[in-house]
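**Q**
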Amino acid sequence: MTRLVRLVHISRPVLWINTIGTGLVGIWLTGRLFDLQALPVILWLTLPFNLLIYGVNDIYDQETDALNPRKGSIEGARIEPREVRTIAWAVAATNLPFLVYFLTALPPAAVAAMLLYAGVFVFYSAPPLRFKTRPFLDSLSNAAYALPLLFVPLALGAAPLWPALAGLLAWSVAKHAFDAVQDVEEDREAGIETTAVRLGPRGTALWSGAWWLVSTVLFAIVSLPVAVVNLVIAGVLVGRLLRRPTPATGHRLYPLSVAFPYIAGSVAGAPLTFGIVMGLYP
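So in full-length UniProt numbering the end of the sequence shown lands on 282, straight run, no missing numbers.
Right, dumping it as structure tokens:
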């Protein structure tokens with residue numbers, strides 16, 4: 001039980017909303033409140049997938065994490081070298097059964113998108129690609145967080161809602177760079193150059209603000225309330241960082257950044273589920 005709790009901690013459950021929430025919205029956008037065919041996909045987007053991306057990240061970021069004061073909290077684990085083997089086995093044990101099922105049960109296009117989704121996040125941290133250490137590619141690669149809006153509908157035999165997918169792609173690029181501002185000093189000390197390190201806090205605020213503006217325009221095509229909430233929260237985050245462009249400001253704003261998808265997801269999900277239940281959508 002202690003080992004399981006540790007693995008859950010490594011998977012950063014406070015951030016599961018980024019995978020589970022997106023997967024559920026992917027179902028709702030097909031016009032269904034739920035579909036049992038999607039249940040294995042949603043289960044995969046809980047502990048297994050989050051352990052995959054954050055476990056691999058922790059394995060390859062041990063040097064940086066050792067310098068980062070926010071590691072060892074709900075914001076992320078600080079692992080020890082002796083834990084690497086356990087994490088690797090746990091990642092394999094929780095993900096390979098789902099892979100076998102997906103290969104046999106889902107359309108090839110959905111499986112291809114899911115493999116892309118997993119692959120991008122593995123190589124965000126792992127060599128030889130290690131997108132994390134490549135300015136701009138680190139931020140752009142995190143657009144992959146939007147891919148459940150692609151592969152969930154494909155798994156259910158439905159067409160994706162492309163403006164929503166494109167909007168979330170842009171939103172994810174913005175959020176990754178913004179959240180990395182708080183780690184600028186630790187990354188620089190460890191010799192890692194991220195988008196936030198390259199641009200600095202002020203430049204990163206402008207980079208993220210531009211991508212959030214793009215996402216607002218795309219979300220407006222689908223839902224005006226979501227676009228408004230997106231613009232307001234992004235405006236607060238960017239405005240405060242521009243007013244005081246330091247890593248410390250980025251850290252103080254991180255709780256609001258974590259809450260961002262919860263708030264925007266509620267605004268998006270509540271009317272959508274109501275419309276499905278009442279027969280108003282699609």
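The C-beta atom is built at its ideal place from N, Cα and C for all residues, glycine as well.
Classify Ile27 as buried or exposed, calling it buried when 16 or more other Cβ atoms lie within 10 Å of its own Cβ.
**A** Translated into the one-based positions of the sequence shown, residue 27 becomes position 27. Buried, by the Cβ-count rule.
**Q** When you compare the segment 72 to 80 with the segment 37 to 48, are there three or more beta-carbon pairs, one atom per stretch, that lie closer than 8 Å?
**A** Result no; under three Cβ-Cβ pairs closer than 8 Å.
**Q** Do Leu149 and Pro160 count as a contact pair if the criterion is CB distance below 8 Å?
**A** The residue given as residue 160 occupies position 160 in the sequence shown. The residue given as residue 149 occupies position 149 in the sequence shown. Their beta carbons are under 8 Å apart, which means Pro160 touches Leu149 by this criterion.
**Q** Is the beta carbon of His251 sitting closer than 8 Å to the one on Arg70?
**A** The residue labelled residue 251 in the question sits at position 251 within the sequence shown. The residue labelled residue 70 in the question sits at position 70 within the sequence shown. Yes, Cβ-Cβ distance for His251 and Arg70 is below 8 Å.
**Q** Where do the N-terminal and C-terminal ends of the alpha helix (DSSP H) with Gly5 fall, by residue?
**A** Residue mapping note: residue 5 aligns to position 5 of the sequence shown, counting from 1. First, the residue type needs correcting, since residue 5 is Val and not Gly in the sequence shown. Start and end: 2 to 10.
**Q** With H, G and I counted as helix, E and B as strand and the rest as coil, what does DSSP make of Ser73?
**A** The residue given as residue 73 occupies position 73 in the sequence shown. The answer is strand: DSSP assigns Ser73 an E or B state.
**Q** Are the CB atoms of Ala118 and Leu52 nearer to each other than 8 Å?
**A** For the purposes of this step, residue 118 is taken as the residue at position 118 of the sequence shown. For the purposes of this step, residue 52 is taken as the residue at position 52 of the sequence shown. For Ala118 and Leu52, yes; Cβs fall inside 8 Å.
**Q** Closest to Gly23 by CA distance: which of Ala110, Ala88, Arg3 is it?
**A** The sequence position of residue 23 within the sequence shown is 23, counting from 1. The shortest Cα separation from Gly23 among Ala110, Ala88, Arg3 belongs to Ala110.
**Q** Assuming Val25 contacts Ala268 (C-beta within less than 8 Å), just tell me the rounded distance between them.
**A** Position 25 of the sequence shown, counted from the first residue, corresponds to residue 25. Position 268 of the sequence shown, counted from the first residue, corresponds to residue 268. Going by Cβ atoms, the distance from Val25 to Ala268 rounds to 6 Å, so yes, they are a contact pair.
**Q** Note down the Cα distance separating Val238 from Gly209, rounded to an integer number of angstroms.
**A** Counted from its first residue, the sequence shown places residue 238 at position 238. Counted from its first residue, the sequence shown places residue 209 at position 209. Their backbone Cα atoms lie some 6 Å apart in a straight line.
**Q** What do you reckon, are the CB atoms on Leu33 and Ile233 nearer than 8 Å?
**A** As a working note, residue 33 is residue 33 in the sequence shown. As a working note, residue 233 is residue 233 in the sequence shown. It is not a contact, given that the beta carbons lie outside the stated cut-off.
**Q** Could you work out which residue in Ile10, Asn18, Ser11 is closest to Ala264 when comparing CA atoms only?
**A** Here residue 264 refers to the residue found at position 264 when the sequence shown is read from its first residue. Ala264 has its Cα closest to that of Asn18, out of Ile10, Asn18, Ser11.
**Q** Here's a check: name, in chain order, each residue in its chain whose Cβ is nearer than 8 Å to the Cβ of Ala247, leaving out the five neighbours to either side.
**A** Here residue 247 corresponds to residue number 247 of the sequence shown, with the count starting at 1. Here residue 247 is Pro; the residue named in the question, Ala, does not match the sequence. Answer for Pro247: Val181, Gln182, Asp183, Val184, Glu185, Pro201, listed in chain order.
**Q** How far does the alpha helix (DSSP H) with Arg130 in it reach, from first residue to last?
**A** Counting from one through the sequence shown, the residue named residue 130 turns up at place 130. Careful: Arg130 lies outside any alpha helix (DSSP H) and carries neither H nor E.
**Q** Measuring CA to CA, which of Ala66, Asp138, Arg82, Arg240 is closest to Ala205?
**A** For the purposes of this step, residue 205 is taken as residue 205 along the sequence shown, with counting starting at 1. Nearest C-alpha to Ala205: Arg240.
**Q** What residues in its chain sit with their C-beta under 8 Å from that of Asp35, if we drop five residues either side in the sequence?
**A** As a working note, residue 35 is residue 35 in the sequence shown. So the list reads Ile27, Leu156, once near-sequence residues are dropped.
**Q** Do the CB positions of Ala38 and Val152 come within less than 8 Å of each other?
**A** Position 38 of the sequence shown, counting from 1, holds the residue named residue 38. Position 152 of the sequence shown, counting from 1, holds the residue named residue 152. The answer is yes: Cβ separation under 8 Å.
**Q** Identify which residue in Met1, Thr273, Val214 has its Cα closest to the Cα of Ala164.
**A** Along the sequence shown, one-based indexing puts residue 164 at 164. Measuring from the Cα of Ala164, the nearest candidate turns out to be Val214.
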